[in-house]
Structures are given as C-alpha cells and as structure tokens.
Amino acid sequence: MIENFRDKKNTNGFDKNPQNINTNGRPASIRNELKELIERDGEITIPAFQVRRINEDGSVVLNLPTQEQLAMKLIDWAVSKKGNDSLKAIQMIMEQIDGRPEQKIELQKEIEITLDI
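Each step along the sequence shown adds one to the number in UniProt numbering, with nothing skipped, and position 76 is 76.
This is the structure in structure tokens:
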C-alpha cells in the first residue's frame, strides 16, 4: 500500500507542524458528559484543581469545562418545574443518549410515461 504513494510523502505531518498535535487527546463531548452525569445519580466529584475557592458560607466556586457546564445546565433545565423548558430539555437528553426516534416517510408519486411508437 505504501508503494502507491511513490515519491509523494506526507509533508504536512505532525513532525513538520508540531503545533497541530493535540496533547490533551480528543475533547470531551456533551453526550459523554450527559451520560456520566446521569449515571452518577446526582453525586458529583470535582477534582481539586477545578475548585477556585471555598466561600465563608460553605459554598464553592468551580472552574468547569464548557462541555460539563452545558451538560449540567441541560440536566438542571430537565429537573426544573418550568413545564415546556423541562420537556424540551428531557427530549434533548433522550435524543443525545438514545438517538432520535425513526420517522418513516412514505412518498408516492405518479409518473406518466408516453411512448411515441
């Protein structure tokens, strides 16, 4: 298979462009964050490096990744008492985890063919 390339070597690889290397790996997706949050049953462990400060009243200020923030906000909307917002959030979560339900569509079109013989 390599012989198919002949003298055309990949000159745009990571060795030539080290700035393109993602040393952190693939970014976390919102779908994965949603799954993890739901599987935790409301119990969340925050790593120490994400804790910014602990206030005098006992509340905690965190620095969370965007994907985790969005997932938490979506779950917060889903468990809220706002009817339409809650239903939309639940629907979005279900679509992300289970996929969209199949929708069957039937198309019928009449075709008229005239032959000149």
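We put the CB at the ideal spot given by N, CA and C, even for glycine.
C-alpha distance - residue i paired with residue j, whole-angstrom precision
i	j	result
Gln96	Gly83	20 Å
Arg52	Asn63	6 Å
Leu34	Glu110	46 Å
Arg100	Gln91	9 Å
Residue i and residue j closer than 8 Å at C-beta
i	j	result
residue 120	Ala78	Look at the range of the chain in this structure, 1 to 117, and you will see that residue 120 is not part of it.
Leu107	Ile75	no
Leu70	Ile30	yes
Nearest candidate by alpha-carbon position, reference residue i, set the options
i	options	result
Asn32	Asp57, Pro65, Asp85 and Lys81	Pro65
Ile46	Leu115, Glu68 and Asp98	Glu68
Gln50	Val60, Arg100, Asp41 and Glu56	Val60
Ile44	Asp57, Met72 and Asn24	Met72
Alpha helix (DSSP H) segment containing residue i, residue limits
i	result
Arg31	Ile30 to Glu39
Ile90	Gly83 to Asp98
Ile113	From DSSP, Ile113 is part of no alpha helix (DSSP H); its letter is neither H nor E.
Segment limits, beta strand (DSSP E) that includes residue i
i	result
Leu62	Val60 to Leu62
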